[in-house]
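Below is one structure, written out as C-alpha cells; the observations come after it.
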Amino acid sequence: MTKPAGYFITLEGGEGVGKTTNVEFITAQLDAAAIPWIKTREPGGTPLAEAIRGLLLSKDTDTPSDLTELLLMFAARAQHLDKVIRPALEKGTWVICDRFTDASYAYQGGGRGQSETKLEVLEQLVHSDLQPNLTFLLDMPVEAASLRVDSRGQQRDRFEQEQLDFFQRVRDAYLKRAHQHPLRFRVVDASLNLQAVQKQVKDYLQPLIDEALATRSRA
Ligand code: TMP
Numbered sequence: 175m176t177k178p179a180g181y182f183i184t185l186e187g188g189e190g191v192g193k194t195t196n197v198e199f200i201t202a203q204l205d206a207a208a209i210p211w212i213k214t215r216e217p218g219g220t221p222l223a224e225a226i227r228g229l230l231l232s233k234d235t236d237t238p239s240d241l242t243e244l245l246l247m248f249a250a251r252a253q254h255l256d257k258v259i260r261p262a263l264e265k266g267t268w269v270i271c272d273r274f275t276d277a278s279y280a281y282q283g284g285g286r287g288q289s290e291t292k293l294e295v296l297e298q299l300v301h302s303d304l305q306p307n308l309t310f311l312l313d314m315p316v317e318a319a320s321l322r323v324d325s326r327g328q329q330r331d332r333f334e335q336e337q338l339d340f341f342q343r344v345r346d347a348y349l350k351r352a353h354q355h356p357l358r359f360r361v362v363d364a365s366l367n368l369q370a371v372q373k374q375v376k377d378y379l380q381p382l383i384d385e386a387l388a389t390r391s392r393a
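Residue numbers (my numbering): 175 to 393.
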C-alpha cells in the first residue's frame, strides 16, 4: 500500500501576529497525535534559500527592485520545494511552513503593487501542481501588530521598517486571498489573547488530524 502523502499547512499574516508561537502550538498537536512533521519557513528552509533570505531582509545590501524582490522570493521557494517540501510530503511527513506563496501575493502584490498576472505566472511555473491543504491567516489590525513588533525590542528588518499603509495593503491583500480561496484558508482573529487564538487554531486543525488518523487506522 502506498504511504499517504503528508499535509501541507501554511501560516500567514503581517508582522507581529504570532506565527511562530502558533507553529509551535500546531506541532505540539501533531506530536500528541503521533503524526510526523517538519517545520520550515519562507523565504528560507534550505541553505541556499536562507542565503537569499539574508539578502532580502538586509538593509545593508543594494536594495532590490520590486521585480528582483519578487523573483528572489520565488527562486528561494523553488529550491525549498525541491529540496525540502516535496520530499517530506512524499514520505508522508506533514510540512508546517511559516509563510508561502500567499505572502508573495500579499507583500509583493498588495504591498509593492506587483501585478497579479506576474504572481500567477510565477506560481504556475514554480508549483502549479501543489497548494497547501490548509492556510491559517492570523489577522489583526496593523497598528496593534506594529506595537507587538516594537515590544520585541529587536531592530526592524527591511520589511518590518515599512510604514503602516504598506502593512494595511498587505493585510487587505491577505484578506482578499482568503476570500478567493475559502476552502483552503482559515482566518484566525489574532488580536485575541493567546488561549483564544489557540482554540481557533485547534478547532480548524482537528478535522485534518482526525482524517489522518482515520486513514492510518484503515491502512
Ligand atoms: P518573517 O518575518 O515572517 O520571517 O518573514 C520574512 C519577511 O519576508 C516578512 O517581512 C514577509 C516577507 N515575505 C515577502 O515579502 N514575500 C514572501 O513571499 C515571503 C515568503 C515573505
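Positions of the beta carbon are idealized from the N, C-alpha and C atoms, including for glycine.
For the ligand GTP, any of its heavy atoms closer than 6 Å to the Cβ of P238? The ligand GTP is not part of this structure, which contains only the ligand TMP.
According to DSSP, what are the bridge partners of K213? For the purposes of this step, residue 213 is taken as residue 39 along the sequence shown, with counting starting at 1. DSSP, once it has assigned bridges, lists I270 as partnering K213.
R351 vs D276 beta-carbon contact at 7 Å: For this step, residue 351 is matched to residue 177 along the sequence shown. For this step, residue 276 is matched to residue 102 along the sequence shown. Yes, they are a contact pair.
If you reduce the DSSP assignment to three classes, tell me which class L387 lands in. Start at 1 with the first residue of the sequence shown, and residue 387 comes out as number 213. Under the three-state reduction of DSSP, L387 is assigned to helix.
Quick one: give me the first and last residue of the alpha helix (DSSP H) that T291 is part of. Here residue 291 is taken as the residue at index 117 of the sequence shown, counted from 1. For T291, the enclosing alpha helix (DSSP H) has its first and last residue at E290 to H301.
Any heavy atom of the ligand TMP within a distance shorter than 6 Å of the CB on M314? Counted from its first residue, the sequence shown places residue 314 at position 140. No - the ligand TMP has no heavy atom lying nearer than 6 Å to the Cβ of M314.
How many angstroms separate the CA atom of T194 from the CA atom of L382? Position 20 of the sequence shown holds residue 194. Position 208 of the sequence shown holds residue 382. Computed Cα separation, rounded: 20 Å.
Neighbourhood of L387 by C-beta, 7 Å cutoff - its chain only, sequence neighbours within 5 removed: For the purposes of this step, residue 387 is taken as the residue at position 213 of the sequence shown. If we look at L387 and ignore the five residues flanking it on each side, its Cβ neighbours are A207.
Using a Cβ-Cβ cut-off of 8 Å (strictly less than) and excluding sequence neighbours within five positions of D346, which residues of its own chain qualify? Within the sequence shown, residue 346 is the residue found at index 172, counting from 1. For D346, where only same-chain residues beyond five positions count, the Cβ hits under 8 Å are G284.
Just to confirm the assignment: which complete alpha helix (DSSP H) runs, minimum length 4, are found wholly within the stretch 298–382? Within the stretch 298–382, the complete alpha helix (DSSP H) runs of at least 4 residues are 316–325 and 338–354.
Length of the line joining the Cα atoms of A393 and G266: Against the sequence shown, residue 393 aligns to sequence position 219. Against the sequence shown, residue 266 aligns to sequence position 92. Looking at the two C-alpha atoms, the distance is approximately 13 Å.
By Cβ distance below 7 Å, which residues in the same chain neighbour Y279 in space, the five residues on each side in sequence not counted? On the sequence shown, position 105 is the one that residue 279 refers to. Closer than 7 Å at the Cβ level, and outside the excluded window around Y279, lie L293, A347 and R351.
What are the partner residues of F182, as DSSP defines its beta bridges? What you label residue 182 is simply residue 8 of the sequence shown in a count that begins at 1. Paired residues: V269.
Return yes when the C-beta of E290 is under 6 Å from any heavy atom of the ligand TMP, and no when it is not. Taking the first residue of the sequence shown as position 1, residue 290 is located at position 116. No, the ligand TMP has no heavy atom inside 6 Å of this Cβ.
Alpha carbons only, please: which of L299, S320 and I183 is nearest the one belonging to A133? The displayed coordinates of the chain run from 175 to 393. Any statement about residue 133 would go beyond what the structure contains.
Contact test: P306 Cβ vs the ligand TMP heavy atom, cutoff 6 Å: Start at 1 with the first residue of the sequence shown, and residue 306 comes out as number 132. Incorrect: P306 has no Cβ contact closer than 6 Å to the ligand TMP.
Buried or exposed: P221, going by 16 or more other Cβ atoms within 10 Å of its Cβ? For the purposes of this step, residue 221 is taken as residue 47 along the sequence shown, with counting starting at 1. Exposure of P221 is indicated by the presence of fewer than 16 other C-beta atoms within 10 angstroms of its C-beta.
Should I226 and L245 be called a contact, given that it needs their Cβ atoms to be closer than 7 Å? As a working mapping, residue 226 is identified with position 52 in the sequence shown. As a working mapping, residue 245 is identified with position 71 in the sequence shown. With a cutoff of 7 Å on beta-carbon distance, I226 and L245 are scored as not near each other.
Pick from S302, Q203 and E189 that is closest to K373, judged by C-alpha positions: Taking the sequence shown and counting its residues from 1, the one referred to as residue 373 is at position 199. Looking at the Cα atoms, Q203 is the closest of the given residues.
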